[in-house]
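S.K.: Chains as they are written, first to last, in our numbering: chain A, 1 to 142; chain B, 1001 to 1373.
Even for Gly, the Cβ is constructed at its ideal location relative to N, Cα and C.
(1) Residues in the same chain with beta-carbon distance under 7 Å from residue 1129/B, minus the five sequence neighbours each way, listed in chain order, please.
(2) In whole angstroms, what separates the C-alpha of residue 1362/B from that of residue 1331/B?
(3) Would you verify that the beta carbon of residue 1173/B is, or is not, closer than 8 Å to some beta carbon of chain A?
(4) Less than 8 Å between C-beta atoms, sequence neighbours within five positions excluded: which residues of the same chain meet that for residue 17/A?
(5) So within the stretch 1211–1298 of chain B, which uninterrupted beta strand (DSSP E) runs reach at least 3 residues, ignoring any that extend past its ends?
(6) How about residue 1232/B and residue 1226/B: are their beta carbons less than 8 Å apart?
(7) May I ask you to list, following chain order, the residues of the stretch 1297–1313 of chain B that have a beta carbon less than 9 Å from some beta carbon of chain A?
(8) State whether the stretch 1197–1210 of chain B contacts the stretch 1267–1285 of chain B, with contact taken as three or more CB pairs (one from each stretch) at a distance under 8 Å.
(9) Name the chain A residues that come within less than 9 Å of residue 1066/B, Cβ to Cβ?
(10) Determine whether the beta carbon atoms of residue 1296/B and residue 1202/B lie at a separation below 8 Å.
(11) Buried or exposed for residue 75/A, going by 16 or more other Cβ atoms inside 10 Å?
(12) Is the stretch 1079–1087 of chain B close to the stretch 1305–1324 of chain B, with three or more CB pairs under 8 Å?
(13) Mind listing which residues of the stretch 44–58 of chain A have their C-beta closer than 7 Å to chain B's C-betas, in chain order?
(14) With 8 Å set as the bound, which would you pick, yes or no: does the beta-carbon of residue 17/A sit closer than that to a beta-carbon of chain B?
(15) Over the uninterrupted alpha helix (DSSP H) stretch that includes residue 1180/B, give me the two end residues.
(16) Any beta carbon of chain B sitting closer than 8 Å to that of residue 72/A?
(17) So residue 1319/B contacts chain C; which residues on that side make the cut at Cβ distance below 7 Å?
(18) I believe residue 89/A touches residue 11/A by the beta-carbon criterion, under 8 Å. Please report the beta-carbon distance rounded to the nearest angstrom.
(19) Give the interface partners of residue 130/A over in chain B, defined as CB-CB distance under 7 Å, in chain order.
(20) Using a Cβ-Cβ cutoff of 9 Å, what residues of the stretch 1241–1258 of chain B are near chain A? List them in chain order.
(21) Quick one: grab the DSSP three-state call for residue 1144/B.
(22) Compare the C-beta of residue 39/A with all C-beta atoms of chain B and state if any pair is closer than 8 Å.
(23) Report yes if the C-beta distance between residue 1317/B and residue 1339/B is below 8 Å; otherwise report no.
(24) Listed in chain order, which residues of the stretch 1056–1080 of chain B have Cβ atoms closer than 9 Å to some Cβ of chain A?
(25) Report, in whole angstroms, the separation of the C-beta atoms of residue 93/A and residue 62/A, which I expect to be a contact under 8 Å.
(26) Distance, Cα to Cα, residue 102/A vs residue 9/A?
(27) Hey, how far is the Cα of residue 1145/B from the Cα of residue 1090/B?
(28) Look at the alpha carbon of residue 1007/B and the alpha carbon of residue 1016/B, and state the distance between them as a whole number of angstroms.
(29) Could you pull the start and end residues of the beta strand (DSSP E) that residue 1105/B belongs to?
(30) In angstroms with no decimal places, state the Cα-to-Cα distance between residue 48/A and residue 1265/B.
(31) Using alpha carbons as the reference points, say which of 1255/B, 1053/B, 1171/B and 1239/B lies closest to residue 1159/B.
(32) According to DSSP, simplified to helix, strand and coil, what is residue 44/A?
(33) Starting from the beta carbon of residue 1184/B, find every residue of chain A whose beta carbon is closer than 8 Å, and list them in chain order.
(34) Using 10 angstroms around the beta-carbon of residue 64/A, count the other beta-carbons present and answer buried if the total reaches 16, otherwise exposed.
(35) Indicate whether the contact test is met: 3 or more Cβ pairs, each with one atom in the stretch 1064–1077 of chain B and one in the stretch 1268–1281 of chain B, closer than 8 Å.
(36) Name, in chain order, the residues that DSSP records as bridge partners for residue 78/A.
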């Protein structure tokens, strides 16, 4: 799993799962570089889905940059205004770059988050398959 | 001219407290919890986010609760809240083709690649109130879904657009892609000027008042600006990924997923000397589950594209100024409701003016009557 993927996973995770991931963790010292702070992103889209860009509206995001273990730059970006979530996401991003923590997190925290995401995906896909429809037209006068 | 008034501090303060009391209601009734609202009043929350132009469930729920369910007031609160936040930047354009569609229907084609998905809808249900002691569909595990036996997909497949199908068949002009270096104007950074570019129009419509847009779109359908019956090419509701490239990283990451509604409305064009007959698209994209609004936006988008091209603005819904300048409910509500503020001095001067005019009117009549005799 590359860094881009785990950052996405940490950002979409339930903050409670990240908090739980701290238990029994050795090390994890960090210093704050930026934030955590809440601000906005302007969400852009494309006219007709594929044409010129337009500004659809803003969304609240929180971000945080930490220096983890004195040498790893951890970055956390999350939807909404949960500052603690952004901070934890940044911390784990830093720790995942640290060879001393990487393998451990890859077998504990990350599979837990992936499992949750899989469950959500399966639930939504079941909703889709349950309500998929095949319409047929009737000829009149027969 | 507005002249300030003084006084009434105690009454104003008490009125504020009375409003808070009436919002809470009787103490013996449990207070509604934000998470209950987020889930059980989800469509109202979505509407507040769309018209507040800020995707933030927590803020929208709080605003809705504080506004006692008054959507327009909640939208105002959200707009005010967003002014307190710094903007970190722009997202990459969301890719709606890769939407995790939970609902996707077409009124034009029965067989569409990827299939039709009803999702959660009341479109095919009798609109009867489900009173507690009356008949209704119980919610929860005691009312399981019917087994369809249909296999569940492993992952989301990209859904190609219906309009692309029409383009491939040569019945619709391919859309103009983005020009290199094209600047995306932003309604929140510069005041609205008409005529506005389509990008500004789509932004304004996405945050416009649902009721106004619906009524205006309906006027088009009733004949005030639309010559032919429009067809729903496609309506999608689902999650799109928001991605951003943080400067500290230099590569793009997923920040989260937003629920949006997207609509493609197909309109017939009989062609001109230069253009062959064919179909044209009207597009609507809006935060949350807002089908009525996405469809209204699509109809208006088409009407405004048509009037931009032809210069023909016969009816209100064809006029950019009429639609864009009156669709923002924070602006319209503010201007209509400012009339509640004291205008005592203004009105005094109106009275003086009217009295003078009446005097003159009387004198003129007297003089004329005299002349008649």
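M.R.: Quick answer:
(1) none
(2) Answer to the nearest angstrom: the Cα atoms are 42 Å apart.
(3) no
(4) 109, 112, 113 and 116
(5) For the stretch 1211–1298 of chain B, the full-length beta strand (DSSP E) segments reaching 3 residues or more read 1231–1244, 1253–1269 and 1278–1287 along the chain.
(6) Not a contact, by the Cβ cut-off of 8 Å.
(7) So the close ones are 1301.
(8) With the cut-off at 8 Å, the stretch 1197–1210 of chain B and the stretch 1267–1285 of chain B touch.
(9) By Cβ distance, chain A contributes nothing, its closest Cβ being about 16 Å from residue 1066/B, past 9 Å.
(10) no
(11) buried
(12) no
(13) 44, 45, 46, 47, 48, 49, 50, 51, 52, 53, 54, 55, 56, 57 and 58
(14) Closer than 8 Å: no.
(15) From DSSP, residue 1180/B is part of no alpha helix (DSSP H); its letter is neither H nor E.
(16) No - not a single Cβ of chain B is within 8 Å of the one on residue 72/A.
(17) As a matter of chain content, chain C is missing from the structure shown, whose protein chains are A and B.
(18) 5 Å
(19) 1145 and 1148
(20) 1241, 1242, 1243, 1244, 1246, 1248, 1249, 1251, 1252, 1253, 1254, 1255, 1256, 1257 and 1258
(21) coil
(22) yes
(23) no
(24) 1056, 1057, 1058 and 1059
(25) The C-beta distance from residue 93/A to residue 62/A rounds to 14 Å, too long to meet the 8 Å contact threshold.
(26) In this structure, the CA atom of residue 102/A is about 15 Å from the CA atom of residue 9/A.
(27) 41 Å
(28) 15 Å
(29) Per DSSP, residue 1105/B belongs to the beta strand (DSSP E) from 1100–1105.
(30) 10 Å
(31) 1239/B
(32) strand
(33) Going along chain A in sequence order, the residues near residue 1184/B (Cβ under 8 Å) are 44, 52, 53, 54 and 55.
(34) Burial is judged here by how many other beta carbons sit within 10 angstroms of a residue's own beta carbon; residue 64/A has at least 16 and is buried.
(35) No: the two stretches stay apart, fewer than three of their Cβ pairs being nearer than 8 Å.
(36) 62/A
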